[in-house]
Amino acid sequence: MITTGTARRRGPAGGRAHGLRPAARSRRHAVVCLATGVLAVGLAAAGCSSGSSSPSASGSSASVSAASLSKVTLHVGDQAGTGAEAVLTAAGLINKLPFKVAWSDFTSGPPMLQAMSGGSVDIGGVGDAPPVFAAAGGDKIAIVGARTASPLAAALVVPKNSPITSVAGLKGKKIAVAEGSSANYHILALLKKAGLSVKDVQLEYLQPAEALAAFTSGHVDAWDVWSPYIEEAVASDHGRILATGSGLGNVYSFEVASRAALADPEKAAAIKDYLKLLNEAYLWTDSHQQAWASDWAKATGLSDSIMAQATKDDLTTPVPINSAVVASEQSISNAFTSAGLIPGHVDFADYSDSAFNSAVGESS
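When we follow numbering that gives the first Met the number 0, the leftmost residue of the sequence shown carries the number 0, and every step to the right adds one.
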């Protein structure tokens with residue numbers, strides 16, 4: 000019998016992003032030891048053939064006993080109260096994970112994947128761009144879970160009283176963005192649509208807390224970011240949305256795992272269970288928006304009204320990793336290569352693993 004504990008460590012990139020109050024910080028440090036009691040887990044490759052499959056996930060030897068699974072500690076990267084732990088807790092599913100979880104907070108996806116490359120994170124949720132940057136750097140990772148992301152959950156904001164009324168008006172201006180994040184691709188796509196390139200603006204690479212400070216103090220002319228920072232900037236009367244992700248094509252977010260974790264049969268089994276319950280939790284948020292907004296507000300320390308809007312803007316649905324998902328990531332990778340922001344060409348199919356697609360069907 001595994002007892003429930005409370006301890007949590009920060010990711011190496013530092014503490015939580017701006018907007019999370021000290022009270023929210025202090026109550027959420029964790030290594031969460033969760034109750035056991037599940038049947039043996041077998042990992043079988045799903046019918047979808049796009050992407051590669053890790054040997055441990057797709058092989059017949061992947062069956063792991065409940066007793067063995069209960070001894071596993073899965074190291075999960077999380078994003079400052081806005082990610083997996085908050086969603087699982089709100090949906091009432093966190094105590095159903097049949098293994099221990101060591102949670103680590105990160106300010107955005109790129110530092111999380113850096114920690115994954117260093118061996119301290121097994122799996123974590125990120126936007127569309129971080130896996131591309133990790134792949135370009137040669138990191139041994141793979142996307143193992145996917146969700147559609149709302150185009151309203153990405154936005155370029157300018158100060159409320161800014162004279163800038165279009166993306167084209169940002170030529171020569173300073174734009175804050177987290178390097179390698181989903182916002183990094185969002186601004187790249189917006190600039191291209193407006194007939195500009197990254198050479199026509201000054202990108203200031205800042206994590207969200209630093210970016211908000213620069214934005215509110217007038218040190219940058221615009222800020223490209225994601226929910227709930229968008230809603231916070233607008234609600235605080237500092238920001239005005241200049242453009243969202245609407246009209247820029249399909250948007251996805253991902254669960255990314257290290258190849259080392261996928262090669263370990265017990266951790267691969269834990270990842271399968273984790274993805275199944277996480278997908279179930281995200282489906283719960285879509286059908287219980289008011290309850291999720293309230294719980295999300297508690298997790299972030301932001302107001303109920305801000306999180307109610309963020310919940311509407313950030314609807315997401317689990318989907319299998321198929322050829323369309325891989326093609327979308329490939330186009331993002333190609334865009335970063337063309338812009339000179341990553342070195343060389345990345346064949347993203349080599350960084351995709353469809354062996355866990357059954358977790359989508361089981362949570363539907």
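Virtual Cβ for every residue (Gly too), placed ideally from N, Cα, C.
Bear in mind the structure is a predicted one, so any value in this text is a computation, not a measurement.
Would you tell me roughly how many angstroms separate the C-alpha atoms of residue i and residue j, rounded to the nearest one?
i, j, result
"LEU370", "SER293", "As displayed, the chain neither begins before 0 nor continues past 363, which places residue 370 out of reach and without an answer."
"PRO162", "ASP236", "16 angstroms"
"LEU202", "ASP223", "10 angstroms"
"SER245", "LYS192", "12 angstroms"
"GLN288", "ALA89", "11 angstroms"
"VAL131", "ASP352", "14 angstroms"
"GLY82", "GLY343", "31 angstroms"
"ALA153", "ASP199", "21 angstroms"
"GLU84", "ASN160", "37 angstroms"
"SER322", "GLY217", "43 angstroms"
"LEU314", "SER67", "36 angstroms"
What is the residue span of the beta strand (DSSP E) that residue i lies within?
i, result
"PHE253", "251-257"
"GLU397", "As shown, the chain starts at 0 and ends at 363. That puts residue 397 outside it, with no answer to give."
"GLY300", "That residue, GLY300, is in no beta strand (DSSP E); it is neither H nor E in DSSP."
"PRO158", "153-158"
"PRO130", "Element bounds for PRO130: not the beta strand (DSSP E) but the alpha helix (DSSP H), 129-135."
"GLU178", "Element bounds for GLU178: n/a, residue is neither H nor E."
Tell me which residues share the same chain as residue i and place their Cβ nearer than 8 angstroms to its Cβ, disregarding the 5 neighbours each side in the sequence.
i, result
"ASP127", "ALA148, SER181, TYR184, VAL250, TYR251, SER252, PHE253, SER327, GLU328 and ILE331"
Could you give the C-beta distance for residue i and residue j, rounded to a whole number, given that I count them as a contact under 8 angstroms?
i, j, result
"ALA167", "LEU205", "That pair is no contact at about 23 angstroms."
"ALA221", "VAL125", "23 angstroms between Cβ atoms; not a contact."
"SER196", "LEU189", "No, SER196 and LEU189 are not in contact; Cβ-Cβ is about 11 angstroms, not under 8 angstroms."
"PHE355", "LEU274", "5 angstroms"
Under 7 angstroms Cβ to Cβ from residue i, same chain only, skipping five residues before and after it: list those, please.
i, result
"GLN308", "GLU230"
"ILE186", "LEU155, ILE174, VAL176 and ASP223"
"TYR367", "Past the edges of the chain, shown from 0 to 363, lies residue 367, and the structure says nothing about it."
Over what stretch of residues does the alpha helix (DSSP H) that includes residue i continue unbroken?
i, result
"ILE229", "228-234"
"GLY108", "108-116"
"THR336", "322-337"
"LYS192", "181-192"
"SER67", "65-68"
Do residue j and residue i have their beta-carbon atoms positioned less than 7 angstroms apart in this structure?
i, j, result
"LYS173", "VAL219", "yes"
"GLY76", "SER103", "yes"
"ALA280", "VAL120", "no"
"SER261", "ALA267", "First, the residue type needs correcting, since residue 261 is Leu and not Ser in the sequence shown. Yes, the Cβ-Cβ distance between LEU261 and ALA267 is below 7 angstroms."
"THR284", "PRO150", "no"
"PHE98", "VAL63", "no"
"ILE341", "PHE335", "yes"
"SER337", "MET115", "no"
"ALA234", "ILE122", "no"
"ASN278", "PRO227", "no"
Cutting at 6 angstroms between CB atoms, please list the residues of its own chain near residue i, excluding the five before and the five after it.
i, result
"ALA232", "VAL156 and GLY238"
"ALA133", "LEU112 and ILE140"
"THR215", "HIS237"
"ALA259", "none"
Does the beta carbon of residue i fall short of 6 angstroms from some heavy atom of the ligand NAD?
i, result
"ALA65", "Absence of the ligand NAD is noted for the structure shown, with no ligands found whatsoever."
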